[in-house]
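In my numbering, each residue carries its 1-based index in the sequence shown increased by 1382.
Ideal Cβ positions, reconstructed from N, Cα and C, are used throughout, including at glycine.
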Amino acid sequence: MAKRKERSIIAIIGRTNVGKSSLLNLLSGQKEYAITDPTPGTTADTVTCLMEIHDLGPFKILDTAGVDEFSKLGDKKRQKTYEAIEEADLSLLVLDPQNTDFELELDLIKRIQKHKKQVLIILNNFSVQKKESIEKIKNKLGLPCLSLQANNKEDHQRLIDFIQTYFQRDSRDIDLIPSLKEKGFVLLVVPMDEETPTHRLLRPQDMATERLLRNFITPVLFRPNLQEARGKNPEFEKKRFLDLVKHLSQTPEGLQLIITDSQAFDVITSWTPDNIPLTSFSVMMAHYMTFGNLDVLLEGVKQIDKLKSGDNVLIMEACNHNRKCDDIGTVQIPHLLEKKVGGKLNFSFNFGHPFPEDLGEFKLIIHCGGCMIDRQKFASRIIKAQEAEIPFTNYGFVLAYLQNKKVLERVIKPFI
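This is how it looks when you write it as structure tokens:
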């Protein structure tokens, strides 16, 4: 949940038939977790395994396809491996010590180090190797190496010890909702429409609720009727909201914060008294997913003022679902942006897919809160956008900014 330990990610990479899947099985302690076979290209897509390594915490292990299959399908496999490298905190580069040409491996090492990630070398011995030849490989690659047999379960603990010795885990502890007092209420504004799933809250709502309860802060959930609130006579909805706000504010503990759905900014920001801190679930997720670095999203949202009719805008969501009614990504944000620009924009939508390889055509990337992907993947998307010099922001920042700049300043204040 909200305060959970984030999983570190390990990518197992290398050429075809060097024993990557066997290494996954060895590391996980499960003999047949991944299919192994002498046939080249057995691993066609990334295989994921979740496990715990004592003293280091929870891990996600990515077993990738070989990077030396040069065909149209091989190109697709290689791209998936590159994506795993970009997401991983640590890559285990597996190689056959009998190979004498390590040009491809050196290129992989450069790619990993370019992303400021760690890499360790696993020498998978298919036959007995002389100590001198192993030392030669270590010196050539200039990285810590472990020599083992990936199909020998006796090497399991040696592999674990090797990772524990050399992996430098960055601290990712960051409070989901910082600066809260020990007591008091937090009001969660949760609109529900045709797209709201039954029998559960959305993940950011669930994360906020858990975080507050864990810290003995009382969450209060309020469902507004946005259709009525935006109708001809919104006074009933406004009174319902303000009566609750007044009641919570007058308790001995007090009302510390209101967190609303970003699509309700137009209603809730105008109703909420100025003395009560206000933010949104999407802004909360932006703070969490970027490890507290909101500057890149703040700079990205300013690009809205530079958009012109005919510009290309990419709207991305980490997950996918069928679209209904006033969908936030395909209807609400496009409508508000075109109203702001005063003309038509060319929107591309990427829901649940990998990050596009070619970003050159876009003037702005608008991402969802990212609650359904790892923070490492979210960070890699920001880096790719920065490398392509494309401004990057998220739904909550856009919806706040389009109300007015003071709304954006107000909703990010609890995080700065």
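Pick from the options that is closest to residue i, judged by C-alpha positions
i, options, result
"G1566", "L1583, M1574 and F1598", "F1598"
"L1408", "D1450, L1472 and L1541", "L1541"
"E1469", "Q1495, Q1645, G1456 and V1449", "Q1495"
"I1697", "D1537, I1556, K1518 and G1778", "G1778"
"D1677", "E1791, D1457, M1574 and S1652", "E1791"
"L1432", "E1487, N1521, L1630 and I1391", "I1391"
"F1441", "K1454, E1465, K1522 and D1471", "D1471"
"A1770", "I1755, P1586, F1744 and I1467", "F1744"
"T1482", "K1522, S1529 and L1502", "K1522"
"I1435", "Q1546, Q1714, P1560 and K1563", "Q1546"
"S1762", "L1781, F1737 and V1780", "F1737"
"I1467", "H1497, F1647, G1456 and P1773", "H1497"
"D1656", "R1389, D1489, V1789 and C1527", "V1789"
"V1501", "A1393, P1560 and K1458", "A1393"
"I1794", "V1602, K1690, T1642 and K1688", "T1642"
"A1668", "K1787, L1583 and I1556", "I1556"
"I1504", "L1528, L1486 and D1489", "L1528"
"D1427", "F1484, D1437 and I1395", "I1395"
Local conformation of residue i per DSSP, three classes
i, result
"T1482", "coil"
"S1691", "coil"
"H1735", "coil"
"I1417", "Residue placement at I1417 is flagged as unreliable, the pLDDT there being 49, under the threshold of 50; the coordinate-derived value follows with that caveat. Note: I1417 maps to coil in three-state DSSP."
"D1388", "Checking the sequence shown, residue 1388 turns out to be Glu, not Asp. Note: E1388 maps to coil in three-state DSSP."
"I1765", "helix"
"F1567", "strand"
"E1681", "helix"
"L1696", "strand"
"K1442", "strand"
"E1771", "coil"
"L1474", "strand"
"G1396", "strand"
"M1754", "coil"
"L1676", "coil"
"T1633", "coil"
"P1586", "helix"
"M1433", "strand"
"S1561", "coil"
"H1749", "strand"
"L1580", "For the record, residue 1580 in the displayed sequence is Thr; it is not Leu. Three-state result, T1580: coil."
Residue i to residue j span [Cα, whole Å]
i, j, result
"H1735", "L1746", "18 Å"
"F1729", "E1720", "10 Å"
"T1633", "I1658", "14 Å"
"G1692", "A1767", "20 Å"
"K1462", "G1613", "48 Å"
"Y1783", "G1411", "50 Å"
"H1749", "I1764", "10 Å"
"K1499", "R1605", "43 Å"
"K1726", "G1742", "20 Å"
"G1636", "L1630", "6 Å"
"I1443", "F1452", "25 Å"
"N1506", "S1515", "13 Å"
"L1772", "L1781", "The amino acid at residue 1772 is misidentified as Leu; the sequence shows Ile. C-alpha separation (whole angstroms): 19 Å."
"I1798", "L1570", "20 Å"
"R1389", "G1682", "28 Å"
"I1640", "P1586", "14 Å"
"I1559", "D1648", "22 Å"
"D1756", "Q1785", "30 Å"
"T1712", "P1479", "52 Å"
"K1787", "V1572", "23 Å"
"I1686", "R1582", "34 Å"
"D1575", "K1684", "30 Å"
"V1627", "R1596", "23 Å"
"K1535", "L1584", "42 Å"
"E1563", "K1520", "Residue identity check: residue 1563 is Lys in the sequence provided, not Glu. So the two alpha carbons sit approximately 53 Å from each other."
"L1490", "M1589", "37 Å"
"L1680", "G1724", "22 Å"
"E1610", "T1580", "22 Å"
"K1688", "D1740", "21 Å"
Nonlocal neighbours in the same chain, by C-beta distance under 6 Å from residue i, ignoring five residues either side
i, result
"G1524", "none"
"V1449", "R1460 and T1463"
"R1397", "G1448 and D1450"
"D1708", "Q1714"
"D1754", "A small correction: the amino acid at residue 1754 is Met; Asp does not occupy that position in the sequence shown. Around M1754: A1700 and C1701."
"V1602", "F1567 and L1569"
"T1600", "F1567"
Close-in-space but distant-in-sequence residues of the same chain around residue i (CB under 7 Å, 5 per side omitted)
i, result
"S1664", "S1644, G1751, N1776, Y1777 and G1778"
"I1710", "Q1645 and Y1777"
"P1616", "E1610"
Contacts around residue i, its chain only, beta-carbon distance under 8 Å, and the 5 residues preceding and following it disregarded
i, result
"D1537", "L1408, L1530 and Q1531"
Decide yes or no for the touch test of the segment 1621-1638 against the segment 1530-1550: beta carbon pairs closer than 8 Å, at least 3 of them. no
Meets three-Cβ-pair contact criterion under 8 Å: the segment 1529-1546 and the segment 1389-1409: yes
Three Cβ pairs or more, each shorter than 8 Å: is that satisfied between the segment 1664-1673 and the segment 1648-1655? no
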